[in-house]
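Note that this note's numbering gives residue 276 to position 112 of the sequence shown, counting from 1, and the numbers run on in steps of one. Glycine is no exception: its CB is placed at the ideal position from the N, C-alpha and C atoms. Here the structure comes first, spelled out in structure tokens, and everything after it is commentary.
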Amino acid sequence: MLPVAAGSMIGVARLLIVHHTPSPATADLLDAVVRGAGDPAIEGVEVVRRAALAATASDLLEADAVVIGTPANIGYMAGAVKHFFDTVFYVCGDDTSGLPYGFYVHGNLDTAGAVKAVETIAGGMGWRLAAAPVTIIGAPDAAAREACYELGATLAVTGAEGAA
Ligand SMILES: Cc1cc2nc3c(=O)[nH]c(=O)nc-3n(C[C@H](O)[C@H](O)[C@H](O)COP(=O)(O)O)c2cc1C
165 MLPVAAGSMI GVARLLIVHH TPSPATADLL DAVVRGAGDP AIEGVEVVRR
215 AALAATASDL LEADAVVIGT PANIGYMAGA VKHFFDTVFY VCGDDTSGLP
265 YGFYVHGNLD TAGAVKAVET IAGGMGWRLA AAPVTIIGAP DAAAREACYE
315 LGATLAVTGA EGAA
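Shown next, in the form of structure tokens:
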């Protein structure tokens, strides 16, 4: 591949995973998303993972698809993920309109408020939901990991198709 800019290659799509991962349970889910995005059957996709408190507007502008990962905190997305959206919302403006996205929410009781919060703000940015939200309550089991794996794979494929 020919390098065309820092961190960018001709013919390579970029999947950005923005996550807040404060515990082993959430790390388990992030790991499954990353493994799915890197499925050997998927070609031409670079997977970039960023902690929500470190992700930038430049990270987002370079992405062909995005996965958001958050705990449910007090009936909302984690403050760290809200901070990411606060950081990029007006900087990116309409520039990421149409960006395919997916997300997962982990909670120990009720994830509905966090799901609604992510969908509302992503909708405000004009993003396009490309996979059903993945919600997990309690300790992740094999089904939860599989759902996150599929989420990562789906968004990687969607990003590659969009960049082609
Ligand atoms: C301040 C705080 C608020 C929380 N609020 C919710 C909530 O509203 N709904 C929920 O399902 N879980 C809630 N949780 C649980 C977190 O989602 C959970 O701790 C996180 O996903 C990490 O999972 P773990 O604690 O099983 O490792 C809360 C946790 C904290 C620390």
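- Between ligand 1 and Ala308, a heavy atom-to-CB distance of less than 7 Å is absent.
- In the DSSP assignment, His184 falls outside any beta strand (DSSP E) and carries neither an H nor an E.
- Using a 10 angstroms sphere on the CB of Gly233, the tally of other CB atoms reaches 16 or more, which defines it as buried.
- Within the stretch 215–246, the alpha helix (DSSP H) runs of at least 4 residues that lie entirely inside it are, in chain order, 221–225.
- In the three-state reduction of the DSSP assignment, Glu207 falls in the coil class.
- A residue is called buried once 16 or more other Cβ atoms fall within 10 Å of its Cβ, and Ile181 is buried on that count.
- By the beta-carbon neighbour count (other beta carbons within 10 angstroms, threshold 16), Thr284 is exposed.
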